[in-house]
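Taking it in order: structure first as structure tokens, then the write-up.
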Ligand code: NAP
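Numbering (my numbering), first residue to last: 97 to 364.
In structure tokens, the structure reads:
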């Protein structure tokens, strides 16, 4: 059995991950971490996930908790995730990261850590989205600069970063397929007298509301036709199952910075 630790255990994804680890015959939960001061410290992880007691209580000491795991899965906040990267590096424990909103300095630090530590970082762990990454790349290559591209995403009202990590990853894939630099061609907002759409720009639109789990559309608008590639997640279990698949895969890997394309064998 692979011993899994979860950071961000009381969160929406954390609770789903607890249930998913228990459902998976290859994995068991050995540590559940939350932030210091959380009212859930001391609560049984299984009770929190609504699946009955597991005998593993939420703790606020990641350093001690990590020693009890083979691999840590972290869906929390960037500052907590980066602290856990340092702890996993010291302890030599692989880490699967689902947290989005990491900044450039975090990414540089992660790249450094991955020289000695196996890391999977993915903005989206669903198999469907990772297949969509391939499809949107192919569509951009075939349709080229004649089509205007917009990335539209929708999430629940509690999401704190925008655009979503998945939408930004889609933007990077599209820009790379078209030989553009996303930093200079991305348009993140439009208001007032914007002028005509700049050719070769990639637009982003964000919707926030209710309990939407996650939806992403890439729209290719040409003259006389348009193509839309859409993924809709209807349950967080898809992300949780993907993260566990990544964790099971990662314990067998050498140090390196991997993503879900590597885990699913879609690379290349
Ligand atoms: P959430 O419900 O806000 O959960 C985050 C949890 O992390 C909260 O319980 C929070 O506690 C906890 N936390 C804060 N500081 C911590 C620390 N130092 N150590 C341990 N836990 C700490 O958010 P969510 O919807 O589960 O999403 C979490 C992250 O995963 C977000 O970045 C989201 O975008 C990302 N996500 C990724 C995927 C993917 O497939 N890659 C899918 C869904 C979500 P408090 O509330 O008490 O502060």
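Glycine residues also receive a C-beta, built at the ideal position from the N, C-alpha and C atoms.
query                                                                                                     : result
From 270, 157, 170, 278, residue whose alpha carbon lies closest to that of residue 112                   : 170
Counted within 10 angstroms of its Cβ, other Cβ atoms place residue 275 as buried (16 or more) or exposed : exposed
Neighbour-count burial assignment, residue 355, 16 or more Cβ in a 10 Å radius                            : buried
Of the residues 136, 107, 134, 100, the one placed nearest residue 119, counting alpha carbons only       : 100
Any non-hydrogen atom of the ligand NAP within 7 Å of residue 108 CB                                      : yes
Cβ of residue 252 within 8 Å of any chain B Cβ                                                            : Looking at the structure shown, chain B is missing, and only one protein chain is on hand.
Secondary structure of residue 299, DSSP reduced to three states                                          : strand
Every unbroken alpha helix (DSSP H) inside the segment 162-233 [4 residues or more]                       : 174-187, 200-209
Beta-carbon spacing of residue 163, residue 187 below 8 Å                                                 : yes
In DSSP terms, what residue 153 is bridged to                                                             : 140
Inter-stretch contact at 8 Å, needing at least 3 Cβ pairs: the segment 228-239 / the segment 283-298      : no
Same chain, Cβ closer than 8 Å to residue 265, neighbours up to 5 away in sequence not counted            : 219, 220, 229
Residue 268 - containing alpha helix (DSSP H), residue span                                               : 261-273
N- and C-terminal bounds of the beta strand (DSSP E) containing residue 340                               : Here residue 340 belongs to no beta strand (DSSP E); instead the alpha helix (DSSP H) covers 333-346.
For residue 360, the three-state DSSP class (helix, strand or coil)                                       : coil
Among 331, 125, 311, 262, nearest to residue 165 - alpha-carbon criterion                                 : 125
For residue 290, three-class secondary structure by DSSP                                                  : coil
Residue 264: CB within 7 Å of a non-hydrogen atom of the ligand NAP                                       : no
Cβ contact check for the segment 296-310 and the segment 195-206: 3 or more pairs under 8 Å               : no
Reduced DSSP secondary structure (H/G/I, E/B, other) of residue 135                                       : coil
Coarse secondary structure for residue 115, derived from DSSP in three states                             : helix
Assigned secondary structure, residue 310 (DSSP; H/G/I helix, E/B strand, else coil)                      : strand
Whole-angstrom distance between residue 320 and residue 353, CA atom to CA atom                           : 42 Å
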